[in-house]
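One structure is given here, and the rest of the page talks about it.
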Amino acid sequence: MTEAARRRTRARIRLIKIQWLLILVLTVALAISVITRPSASVVEPIVEEPTPQVETPVEPESTPEPVCLGEFRTTAYCTCVKCCGIWSSEHPSRVGTDYVQRTKSGTIPTAGRTVSVDPDVIPLGTAIIIDGHEYIAEDTGNAVKGNTLDIYFDSHEAAVEYGVQKKTIYIKGE
Ligand SMILES: [Zn+2]
Numbered sequence: 018m019t020e021a022a023r024r025r026t027r028a029r030i031r032l033i034k035i036q037w038l039l040i041l042v043l044t045v046a047l048a049i050s051v052i053t054r055p056s057a058s059v060v061e062p063i064v065e066e067p068t069p070q071v072e073t074p075v076e077p078e079s080t081p082e083p084v085c086l087g088e089f090r091t092t093a094y095c096t097c098v099k100c101c102g103i104w105s106s107e108h109p110s111r112v113g114t115d116y117v118q119r120t121k122s123g124t125i126p127t128a129g130r131t132v133s134v135d136p137d138v139i140p141l142g143t144a145i146i147i148d149g150h151e152y153i154a155e156d157t158g159n160a161v162k163g164n165t166l167d168i169y170f171d172s173h174e175a176a177v178e179y180g181v182q183k184k185t186i187y188i189k190g191e
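First residue of the sequence shown? That's 18 in our numbering, and the numbers climb one at a time after it.
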C-alpha cells in the first residue's frame, strides 16, 4: 500500500467519523428538543373547587289569614240545562256542535273546585273556603248576586241534594 493510498484511507475514516459524530449530535439535539418542547397534550388536571353550599333559608310562603266575608247563601248547580240554560252543552242549540261548556274563567267546571260568584262581591280567581275546603271563584251566573255562592256539582242529583245552605265564607288574601 502506497503512502498516498494510506492517507486516502485515513481521510475516508476521518470523514466517516465526522459523519457519525454529526448524526449523534443531531440525534441528541432532536431528543432534547422533543423532551423540552411544551406539550399541548399535557392538560392541567382540573381541580374542581367544591362549591360552597349556601344554605338558603326556605322562605315560609306568606299565607295571610283568610278573610271572613260573613254568611252567604249557597246553592248548587251542575252543567245541565235546568242549571245552565243555553250555556249547557246539553241545550238543543249546543247538541251536535263542538261547543265545550266552560266557566266564565274559561275552565272546565270541576266539582270540589268551581264556585260561581257575583264578581262584584268576590273577584274571579279568588280562593274561597267553605267548610274548610278551598274552592276557586271561577264562574258567574244570573242568579248569583250579592252574598250568594253557587257551588258546582258533577250531577244534578248532587246539586239538588245540596239544596240551599247558609255558610260562613272565607277568602284567601293575595
Ligand atoms: Zn243541573
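Positions of the beta carbon are idealized from the N, C-alpha and C atoms, including for glycine. Small disclaimer: the values here were computed from a predicted structure and weren't measured.
- Within its own chain, the residues whose Cβ lies closer than 6 Å to the Cβ of Ile139, once the five positions on either side in sequence are excluded, are Ala154, listed in chain order.
- In the structure shown, Ser122 falls within a coil segment according to DSSP collapsed to helix, strand and coil.
- With 6 Å as the limit, the residues whose C-beta approaches any heavy atom of ligand 1 more closely are Tyr94, Cys95, Cys97, Lys99, Cys100, His173, Ala176, in sequence along the chain.
- Comparing alpha carbon positions, the residue from Thr165, Lys183, Thr44 closest to Asp156 is Thr165.
- Within 10 angstroms of the beta-carbon of Asp137 lie fewer than 16 other beta-carbons, which makes it exposed.
- Where Val84 is concerned, there is no enclosing alpha helix (DSSP H), although the beta strand (DSSP E) around it starts and stops at 84–94.
- The count of Cβ pairs closer than 8 Å, one atom from the stretch 83–100 and one from the stretch 171–187, reaches three, so the stretches are in contact.
- In this structure, DSSP gives Ile153 an extended state, which the three-state scheme calls strand.
- Rounded to whole angstroms, the separation of the alpha carbons of Leu41 and Arg31 is 15 Å.
- Taking Asp171 as the centre and dropping the five residues before and after it, the same chain places the C-beta of Ala128 closer than 6 Å to its C-beta, in chain order.
- The beta carbon of Pro81 sits closer than 6 Å to those of Gly190, all from its chain and outside the five residues before and after it, given in chain order.
- In the structure shown, Val132 adopts extended strand secondary structure according to DSSP, grouped into three states.
- Your pair Cys95 and His173 checks out as a contact, with CB atoms roughly 5 Å apart and the cut at 8 Å.
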